[in-house]
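Okay, so here's the structure we're looking at.
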Amino acid sequence: MNDPLILYASLITLFLPVAGFALVTFSLGRIKKVFIGEISLMAVSLLSSVYILIDKLFLHPGVTSVFEFSWISFATGTGNQPINVKLGISVDSVTAILMFAVMLISFLVHLFSVEYMHGDKRFNRYFGYLGLFTFSMLGIVLTHNLLMMYIFWELVGLSSYLLIGFWFEKDSAADAAKKAFLVNRIGDIGMFLGILILFITYGTFTFSEIFAGIGSGKLPFDSEGWLTAAGILVFLGAVGKSAQFPLHVWLPDAMEGPTPVSALIHAATMVAAGVYLVIRIFVMLTADAMVFIAVIGALTAFISATIALTQNDIKKVLAYSTISQLGYMVMSLGVGAYAFAFFHLITHAFFKAGLFLGSGSVIHAMHHEQDIRNMGGLRKKMPVTYFSFLAYTLAICGIPLTSGFLSKDGILAGTYSFGLLTGHWLIPILGFSVVLLTAFYMFRLLFKTFHGKPADLHKYEHAHESPFLMAMPLVVLAVLSVFFWYGLNPASPDSAWFVSKWIDVPAKVVPESSNFSFMNTTATGGESLYNAEYTEAQHHAHFPTMIMSLLFDIIAIGLALLFYIYFKLNSRKLAAALPAVYNFSLRKWYFDEFYNGVIVKGTLLFSSVLYAFDKYIIDGIVNFSAYLTKLISRVSSAFDIIFVDGLVNFTAYINGFAGKHLRRIQTGKVQTYLVLVLFALLTLIILFKP
Amino acid sequence: MESMSVGLTHFLVLSSLLFSLGIYGILTRKNAVLVLMGVELVLNSANINFIAFSRFGNFGYDGQLMALFVIVLAAAEAAIALAIVLNIYKSFHNVNVDEIDKLKE
Amino acid sequence: MSGLPILTLLTFIPVLGMLIILVLPKENPKNIKITALLMTVIQVVLAGFMMSGFNYNAGGIFDQASFQFVEKFRWIEIEGGSWIGKIKIDYFLGIDGISAPMVLLTAIISLIAVISSWKINTSVKGFFALFLLLDTGMMGVFVSLDFFLFYVFWELMLLPMYFLIGIWGGPRKEYAAIKFFIYTLLGSIFILLVMIGLYFSAQEVLADGSKVYTFNLLSLMDKSNYTADGILSPFNPANLRLIAYIAMFAGFAIKIPMFPFHTWLPDAHVEAPTPISVILAGVLLKMGTYGILRINYPIFPEITVQLAWYIGLFGVINIVYGALVAMAQSDFKRLIAYSSISHMGYVLLGMSSLSVAGINGAVLQMFNHGTITAMLFLIVGVIYDRAHTRGINDFGGLATQLPMYTGFVTVAFFAAIGLPGLSGFISEAFVFIGAFGYEPVRILTMIATSGILLGAGYMLWTLQRIFFGEKKEKWASLTDLDTREYIMFIPLTIIIFLLGVYPSIMLDIMSTSVNSLVDFISNNSALSSFGGI
Amino acid sequence: MGNIIINDLWSFLKPEIFIAGGIFIILLADLVIRDNRKAIHFTALIILIAAFASALLQMGTESFIFYLGKGNNHGLLAVDPMSTFIKLITIFSTILIVIFTITSEEFKGSKFKSGEFYTLLFGMLLGMLLLSSGADLIIIYVSLELLSLSSYVLAGFIAGSNRSSEASLKYVIYGATSSGIMLFGISILYGLTGTTNLYAIHTILVSPHVNYLTLGLSILMIFIGIGFKISAVPFHFWTPDVYEGSPLPVTAYLSVASKAAGFALLIRFIKVGFISSVGTNGFWNFYENFDWQLFLIILSIASMTVGNLTALWQNNVKRMLAYSSIAHAGYMLLAIAVLSEKGMLAFLVYIAIYMFMNLGAFYAVMLVANKKGNEEISSFAGLGYKNPYLAFGLSIFLISLTGIPPTGGFIGKLYLFIALLDGDMYWPALIALLNTVISLYYYVRIIKEMYLTKALDDTTIETSKTELTFMFALVAPILVFGIYFTPLVNFCTNFVRILGF
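Chains as they are written, first to last, in this note's numbering: chain A, 1 to 690; chain B, 1 to 105; chain C, 1 to 533; chain D, 1 to 501.
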């Protein structure tokens with residue numbers, strides 16, 4: 001069952017990239033070509049992941065290999081369950097596929113970067129960071145427990161921070177890096193709290209043990225509400241990492257990083273980690289949590305698609321498109337289309353990585369020009385890039401014969417049937433409108449970049465097709481965007497291998513009372529999520545979905561043609577006619593303004609207020625008293641009065657004050673003293689008279 | 001009690017008066033010598049007490065003994081004090097106690 | 001192992017060094033430095049040797065038999081009359097799982113501080129003599145099991161610290177030094193009062209069966225030793241245990257430093273020379289929390305349970321308040337000082353959980369904070385030595401200028417943020433696990449998690465302001481780390497990584513003792529309601 | 001009868017006899033070897049050492065001596081452990097003062113008449129010795145006057161110094177008035193009880209016929225005299241002025257020996273006069289006639305608070321130490337205020353250590369003043385670098401005065417607080433501790449000046465080896481007792497008893 005070869009292969013896959021990072025770090029920049037070593041290690045790692053993929057998909061399908069060891073363990077007082085924190089990996093088909101996808105894209109990005117980053121002064125370090133990222137990402141994929149998930153979660157955050165801020169001389173890059181890390185941390189806090197709830201309840205971080213615990217009827221703090229809360233809290237981690245509304249603001253800024261990094265981290269893999277997390281915890285999500293997730297996903301998809309319509313930076317458009325697609329996946333999980341979510345994750349990883357690398361190729365050719373208004377007509381200069389870009393665009397729009405069609409239609413069908421079963425129609429409505437929007441802005445991008453007349457002739461003249469190391473990955477990814485890798489019938493999402501063969505949809509473990517009735521499989525004794533009611537709804541959904549999405553695609557592409565190829569419609573006039581709508585989209589719904597103006601500024605203001613409080617109130621309990629002490633000291637004597645602020649300061653003031661007056665009694669006149677003595681005597685007599 | 005005879009109370013009144021006068025003198029006189037005279041009054045008021053108590057209380061001779069000691073000591077004290085006053089006169093050229101106040105803070 | 005009085009050696013080796021330094025001629029500062037270095041190296045070696053013989057399964061806390069390396073003999077014995085009774089004070093040293101990490105920390109940090117003070121050139125003799133005296137005081141606090149001895153060591157640190165800040169400090173050194181001194185003395189008078197109060201409340205049974213008042217911490221933990229009418233005896237219906245607990249807690253809290261007693265710390269740090277900041281943050285602050293764990297908790301278990309929520313509350317205030325105030329700083333060192341306040345809040349929060357996980361986390365956090373913050377202060381020192389300014393906004397673009405330095409800074413910063421894989425994460429995680437599991441402080445824990453975000457906020461912002469951005473001409477002359485500085489940074493970095501990846505090294509040392517502490521508290525916390533014997 | 005008196009004298013009054021004889025010897029020697037100042041110093045030392053040794057020898061003996069009249073079973077003097085202890089303290093501090101005198105710059109000039117000085121010093125000492133044993137108000141008054149009269153002159157002993165003359169004038173007026181009022185109080189007490197003997201008063205006060213109002217009045221008036229000697233607030237006003245103006249050795253002497261004798265009087269007055277018995281737990285049982293405890297607590301808290309607060313503002317170190325000595329009187333008074341044997345022990349331990357640390361501090365200040373000519377705090381600037389040994393010694397004294405371990409001062413405080421808490425006096429204990437913190441301000445101010453302030457001038461402050469040796473001889477007991485106080489406390493425990501109780 002637990003094939004040690006799988007363990008070794010997994011460990012090789014996992015650790016070689018970090019070995020590459022270590023290699024680069026410890027060479028301290030003294031070895032010029034150290035990046036080659038790193039890439040070789042990646043290649044080995046890729047091969048090893050291929051082995052695992054083959055094993056899990058073909059040799060031993062349906063077998064989950066688990067390896068674990070005890071990391072931290074200690075007793076927790078008499079009569080309590082000892083704490084035993086186990087780290088470990090669990091390899092099933094989902095893991096294997098994602099691991100392969102990560103490794104493949106990572107490897108391609110490495111190759112692409114050799115040319116793209118050529119001449120950068122921190123060239124070697126760049127590859128080190130890529131290695132670190134790949135390691136962290138694989139850790140997320142392989143883990144069999146929440147703690148390790150959290151650990152690698154943070155580590156990808158770190159590598160993302162390092163890579164976004166790779167050109168830290170630019171303030172915008174440094175800002176973006178910081179923003180990415182901090183915004184992610186917000187989600188991470190939620191995730192951490194969710195993990196805490198689960199750990200407190202079940203005493204373990206391991207997924208399978210937690211699920212077993214829930215399945216046995218034990219609930220966090222004996223409440224289904226807390227189970228929902230735990231699910232949502234853990235999901236918050238995904239909200240951060242997968243840039244879901246309202247924490248999506250970091251991802252567009254993250255485009256400050258080198259473009260291959262955007263392709264790898266901020267399009268294909270890391271941002272999909274959130275979706276992967278939800279996949280992992282899917283079985284413990286209650287109905288309420290799922291609706292929450294679905295709504296967040298749908299909103300994200302819709303909001304970012306509207307923003308993408310008006311963006312002019314090629315990478316920003318792609319970034320919002322990424323957010324939108326991630327919203328799709330999250331929404332898909334929310335509505336229970338489990339396999340399609342993962343399916344879309346993989347297809348999206350390939351075509352979105354392709355889109356970014358393609359944009360990288362364009363940017364490289366245009367000498368770091370990113371504004372699509374300054375491009376145009378590039379298809380003649382860069383045919384490879386153009387055709388691969390076209391393939392990706394078709395895939396993301398879900399045009400038949402592409403991978404995107406299969407996965408996206410499955411998702412839309414899922415939302416449609418979800419609407420049918422639960423009445424939550426908002427989700428499919430948003431989902432379908434996104435189809436329209438996506439097709440429009442993607443074709444807008446394609447047209448403005450590659451068609452029409454060059455806007456900047458000077459740059460156009462110098463543009464050229466990218467060299468082999470950059471072009472090759474584009475081709476590979478374009479090929480992977482075609483349907484036949486995923487299923488033989490290009491029109492039937494349900495018969496794609498992902499759904500029909502490779503991915504087993506697990507049954508929910510939540511109590512029936514907090515699950516959707518159509519997902520309760522215990523009654524039928526099924527192993528799978530889908531009971532008859534659900535399956536039937538999906539069947540009903542398929543045909544209308546396909547028709548509708550195709551229709552929307554055609555409308556959108558048609559509009560894009562009218563706007564940007566035939567110029568029958570003028571986008572500028574439209575924008576001028578609806579300035580509020582246009583600006584709302586262009587300024588990204590004013591999220592950044594709100595966050596900066598209210599939250600960041602507010603926190604900073606509050607912190608200065610607290611510092612002032614600390615300095616003047618706590619440290620000088622009464623600021624006034626410190627001032628007075630100084631004043632008195634200046635007036636009365638030349639010596640440096642020892643006064644200490646804070647509580648002590650206050651005392652010093654009182655003391656000093658008293659001391660000063662006590663001193664005044666000491667007039668130097670002996671008769672005064674004697675009067676005082678007699679006065680004291682009288683006082684004492686009065687006090688002590690019996 | 002015979003109205004005309006001199007009793008303990010009279011002595012006590014006398015001594016109290018002397019004591020008060022002495023204290024008054026100490027506190028109000030400027031001249032150090034006069035201050036010292038005030039001290040003498042205080043000591044003597046105590047002496048009157050001792051002797052009066054000794055006589056009227058039938059306490060034996062302790063009180064009278066005490067008075068004798070006090071007289072001797074008062075003399076010694078006066079001698080020393082006057083010497084000090086003389087010393088002060090040399091330094092300050094006056095003996096007004098309220099002007100001798102250099103040591104203070 | 002037996003026979004060798006290892007704890008005495010650990011404690012008094014520095015004094016020996018001090019005496020040697022005092023007779024060395026001051027014309028040759030090198031010899032003085034080497035002596036100090038040698039002494040601290042010996043200390044580290046001894047500490048390592050000690051750990052090699054450490055029994056991981058001995059609980060300690062309240063049971064003398066399971067303390068290790070115990071040295072106990074009569075120090076003061078005064079036969080009084082009928083009215084005064086016998087007075088006895090033991091020279092009683094021993095370690096358990098709570099003190100062992102602290103001993104180790106003290107040894108390591110002292111060594112590093114000596115290395116970092118290599119550049120001290122004024123009054124070298126005085127500096128190292130005082131430094132070694134301070135070392136003895138710190139070590140003594142962690143190994144004493146007699147309250148009186150503990151107190152003597154506790155106070156022993158005051159004066160060297162005063163001088164070390166006051167003579168070798170920054171522009172406002174006098175102010176900072178006296179502030180430190182006054183604050184700490186104010187704290188320790190409360191400890192003294194409670195110490196004497198306890199002394200009168202419990203009697204230890206000697207070998208010959210006679211009873212005698214005692215300062216022995218272990219005897220003070222045993223309820224059966226308390227007299228019926230002692231003021232701090234649980235059997236006395238009118239006892240003052242609650243007040244005593246609060247008083248002693250306040251005394252220790254000043255050292256932690258806990259809000260609102262914390263304002264001495266930023267001043268002390270800002271003015272202190274780098275090695276002293278390192279000691280202050282690395283070891284001294286831990287004494288406060290150590291004192292609470294070692295003395296408050298087991299001696300007053302029932303009040304500990306009663307007040308756990310408040311301890312947690314102050315922990316959370318420390319975390320959030322410290323982080324927010326840190327965010328407003330423009331002085332690098334002051335920022336680190338406030339971050340230190342924030343991080344010590346985790347220790348308090350973990351302790352308030354009264355659970356093994358939480359207290360394990362707290363003790364581990366004490367160790368980790370010791371190493372991480374020490375490193376942070378070294379970092380400040382390195383840049384201050386070169387640029388003679390600590391204004392965060394004065395810098396910028398240093399990452400290009402000083403790549404190696406930036407590397408270490410990044411490690412330390414991310415360790416402070418609690419990045420998994422580095423040591424700070426594990427301790428904070430267990431603090432949260434423990435505290436979240438304890439129902440009374442659960443809500444507080446949720447609030448405390450905001451510290452994770454705030455901490456990252458000010459740290460990354462600082463990182464950006466100092467290291468990122470365009471290289472500035474002004475700093476073009478700055479040089480990267482030299483060998484001595486590598487020697488300071490590398491061991492700390494290794495510890496940070498090691499404990500991040502494999503925290504069990506440290507957790508195994510402490511968890512048996514923490515278990516017995518928690519058991520002890522839960523077994524004894526209900527006792528006060530039993531009434532008199 | 002005569003023989004008995006002679007025997008008594010020889011058995012129990014050896015120290016007093018040595019000192020009284022010493023006065024004659026010094027006077028004679030002064031006539032014979034007037035020019036050889038060294039010889040006179042040496043003679044004085046020999047006499048004092050002999051007196052000290054004899055006092056040590058009579059440790060543990062208890063007896064009345066000098067019976068006054070027939071049928072009177074209480075003597076004028078009571079020799080008992082407590083008085084012996086005070087005698088040891090006073091004689092020992094006199095020895096130290098002689099050494100001060102030898103090295104004092106104030107006493108270097110040709111005008112200094114060593115013979116007269118020692119005559120007066122011995123007169124003072126004799127007064128103290130008798131005072132500490134005095135069991136009868138007559139002898140108490142006489143010895144008090146002997147002590148005072150000598151000290152008035154000593155305070156003004158530097159001829160031609162305005163400060164010194166002023167000090168002595170103030171001292172004499174203040175002292176004479178105080179003792180006058182005290183005498184009046186004694187006369188009232190005599191009138192109430194019919195006796196001047198404290199032991200006899202004890203038996204009479206049992207009866208409820210005593211008029212409490214009058215008794216209270218007389219007690220308070222008598223206390224003016226005692227309060228004056230121990231410089232307790234509010235009877236302390238003379239202290240700073242006189243301390244500042246007097247020659248430094250005299251100041252030091254007044255701050256320790258004279259205070260010790262005053263405390264001896266206070267203890268005997270209270271314990272013999274007003275307590276019925278000592279309980280087995282060490283607490284003193286009282287007649288219900290005067291609330292001594294409250295009274296002493298008020299005075300002691302006032303003393304320490306006023307002393308410490310005022311000291312904060314002083315720029316003259318001598319004056320600062322004067323206020324500090326007022327504060328320390330407060331601590332010692334608080335020990336007595338517990339009214340228990342433990343309190344007594346605390347007092348004895350405290351004053352023994354106080355002797356070392358306070359004299360040490362004065363000595364170190366004197367060494368600085370010898371070179372600088374004044375005791376202003378600015379004169380101490382940079383002392384830590386100019387003369388590290390001297391600065392180190394002074395620091396130890398000051399730390400000990402603050403009461404921080406591991407110095408003897410801490411042990412004194414420790415015993416004080418043990419006694420206080422034993423007597424359930426929590427608030428006074430807390431106030432005393434807070435006072436400790438306040439006192440830190442000004443003690444550390446001197447330390448700060450020595451180490452943290454740069455010297456204003458280049459004047460060197462050099463000290464001879466002998467001077468340093470002597471100073472470290474005072475440092476040693478402070479550090480040794482701070483770490484190992486068993487011998488000190490054991491020693492003191494032997495001296496807690498008072499004759500008859």
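Don't be surprised by glycine CBs; every beta carbon is placed ideally from N, CA and C.
Per the C-alpha coordinates, the member of A:T385, A:A395, A:E209 positioned closest to F468 (chain A) is A:T385. DSSP places Q325 (chain A) in the uninterrupted alpha helix (DSSP H) bounded by 314–334. Scanning chain A for C-beta atoms nearer than 7 Å to the C-beta of E470 (chain C) yields E169, reported in chain order.
Setting aside the 5 residues that flank it on each side, G217 (chain A) is surrounded in the same chain by P511, each with a C-beta closer than 8 Å to its C-beta; the list follows chain order. Beta-bridge partners assigned by DSSP to A78 (chain D): D:F64. The beta-carbon of I138 (chain D) is placed less than 9 Å from the nearest beta-carbon of chain B.
For I167 (chain C), the closest alpha carbon among the candidates D:W292, D:K454, D:N494, D:N315 is that of D:K454. Residues of the region 483–496 of chain C whose Cβ lies closer than 9 Å to any Cβ of chain A: none. In the structure shown, V212 (chain C) adopts extended strand secondary structure according to DSSP, grouped into three states.
For A680 (chain A) and F153 (chain C), the gap between their C-alpha atoms comes out near 43 Å.
Beta-bridge partners of A202 (chain C) (DSSP): C:Y226. For the pair I336 (chain C) and L111 (chain C), the Cα-to-Cα distance works out to about 21 Å.
Less than 9 Å divides the Cβ of Y441 (chain A) from the Cβ of S321 (chain A). A distance below 9 Å separates the beta carbons of S511 (chain C) and N360 (chain C). Collapsing the DSSP output to three states places N281 (chain D) in coil. Interface criterion not met: the Cβ of I210 (chain A) is under 9 Å from no Cβ in chain D. Listed in chain order, the non-local C-beta contacts of S164 (chain D) below 8 Å within the same chain comprise A155, G156, F157, I158, G245, S246, P247, local neighbours out to five positions each way being set aside. Against chain B, the CB of N197 (chain D) has a partner CB under 9 Å away; the residue lies at that interface. DSSP places Y91 (chain C) within a strand segment (E or B) once states are collapsed to three. With contacts defined by Cβ atoms closer than 9 Å, L345 (chain D) and I396 (chain D) do not form a contacting pair.
Annotated three-state conformation of S481 (chain A) is coil, per DSSP. Between the alpha carbons of V102 (chain A) and F484 (chain A) lies a distance of about 20 Å.
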